[in-house]
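In the working numbering, the protein residues as written are 290 to 617. Take a look at the structure below.
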């Protein structure tokens with residue numbers, strides 16, 4: 290096996306020299322780069338967008354480093370995405386629209402039986418992420434620009450909240466398997482079964498009755514998924530509950546004001562909440578016969594599945610909110 294250095298020392302030195310010419314203060318980003326590596330390539334790539342508006346020199350240092358990584362990986366035979374991103378600067382917060390194809394690379398050989406289960410599990414986990422959240426910054430919430438426009442009407446400088454992901458045309462049929470609310474529970478059970486099969490084939494005995502104490506451990510005793518059919522963007526209910534009382538005071542009904550804002554359910558600046566909110570686009574599939582062959586065509590709609598994923602705690606606010614959902 291031959292060793293190839295890919296001139297990494299020279300590349301790194303040139304990156305630092307170029308950054309120093311632009312702004313000596315931007316060199317402090319080197320430490321932050323080492324920190325962000327632990328959070329994955331997506332986090333590393335996104336930093337140049339976060340800094341683009343307010344600190345362009347630092348942003349350029351991050352982007353140049355990413356471009357260098359892409360080039361080195363290309364020389365080694367590995368393709369790292371580097372698509373052009375359209376940045377929206379109409380607010381103080383940078384936003385980006387990005388599309389791409391995610392590819393997984395198996396770095397060591399496995400028996401065919403293990404490969405088949407692993408492939409199935411990885412595809413299911415990608416569908417799981419798309420169904421209940423998304424990827425990147427603020428994935429636990431639906432994009433407020435789409436589903437809560439009034440949030441920005443009085444103050445356009447408010448921080449942008451959350452994200453919105455959807456399948457591209459090539460995946461609407463093959464990957465978008467959850468098209469009705471009735472599909473959600475069987476889909477989640479399928480993931481658990483496949484994950485258990487993978488653990489077993491690796492020689493480990495699953496212990497479903499002894500789940501980990503992680504806050505967001507995905508276990509039937511630890512998580513609840515609530516859903517409703519939403520007829521368009523304006524028919525989004527839960528996004529209002531994040532910022533306003535979900536139940537108003539009513540003296541005649543002896544009804545108290547109830548809210549989850551800034552509680553353990555929704556979290557706060559220094560505390561991640563226990564609720565995920567997702568507006569998952571509904572797509573119909575039309576099947577026809579053409580030249581004696583069955584052909585399926587995906588038909589996007591204006592509707593959504595509004596999904597709330599809850600990891601309940603023992604707080605009174607959480608108990609009250611779950612009772613409210615039961616009544617709804």
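No residue lacks a Cβ here, since even glycine has one placed at the ideal position from N, Cα and C.
Over the uninterrupted beta strand (DSSP E) stretch that includes residue i, give me the two end residues.
| i | result |
| --- | --- |
| residue 565 | 564–579 |
| residue 595 | 582–599 |
| residue 513 | 513–519 |
Could you pull the start and end residues of the alpha helix (DSSP H) that residue i belongs to?
| i | result |
| --- | --- |
| residue 424 | Residue 424 -> no alpha helix (DSSP H), and no H or E assigned at all. |
| residue 609 | 605–616 |
| residue 319 | 318–326 |
| residue 351 | 345–364 |
| residue 434 | 433–436 |
| residue 475 | 473–490 |
| residue 334 | 330–339 |
| residue 307 | 297–311 |
| residue 506 | Premise fails: residue 506 is in no alpha helix (DSSP H) and is neither H nor E. |
| residue 527 | 527–530 |
Can you give me the C-alpha to C-alpha distance between residue i and residue j, rounded to a whole angstrom?
| i | j | result |
| --- | --- | --- |
| residue 338 | residue 471 | 39 Å |
| residue 358 | residue 517 | 44 Å |
| residue 560 | residue 421 | 20 Å |
| residue 415 | residue 349 | 31 Å |
| residue 385 | residue 473 | 29 Å |
| residue 481 | residue 488 | 11 Å |
| residue 580 | residue 463 | 22 Å |
| residue 459 | residue 536 | 42 Å |
| residue 461 | residue 299 | 44 Å |
| residue 406 | residue 316 | 45 Å |
| residue 388 | residue 453 | 12 Å |
| residue 508 | residue 297 | 44 Å |
Could you check whether residue j and residue i sit closer than 8 Å to each other, using their CB atoms as the reference points?
| i | j | result |
| --- | --- | --- |
| residue 495 | residue 485 | yes |
| residue 528 | residue 431 | yes |
| residue 436 | residue 491 | no |
| residue 310 | residue 354 | no |
| residue 331 | residue 425 | yes |
| residue 419 | residue 456 | yes |
| residue 295 | residue 365 | yes |
| residue 596 | residue 512 | no |
| residue 346 | residue 312 | yes |
| residue 504 | residue 417 | no |
Return the Cβ separation of residue i and residue j in integer angstroms, given the expectation that the two are a contact with Cβ distance under 8 Å.
| i | j | result |
| --- | --- | --- |
| residue 319 | residue 336 | Incorrect: roughly 12 Å between the Cβ atoms, too far for contact. |
| residue 534 | residue 547 | 6 Å |
Does the pairing of the segment 547–558 with the segment 568–587 give three or more beta-carbon distances under 8 Å?
Verdict: no, contact absent.
Would you call the segment 577–596 and the segment 508–522 in contact, with 3 or more CB pairs under 8 Å?
Result yes; three or more Cβ-Cβ pairs closer than 8 Å.
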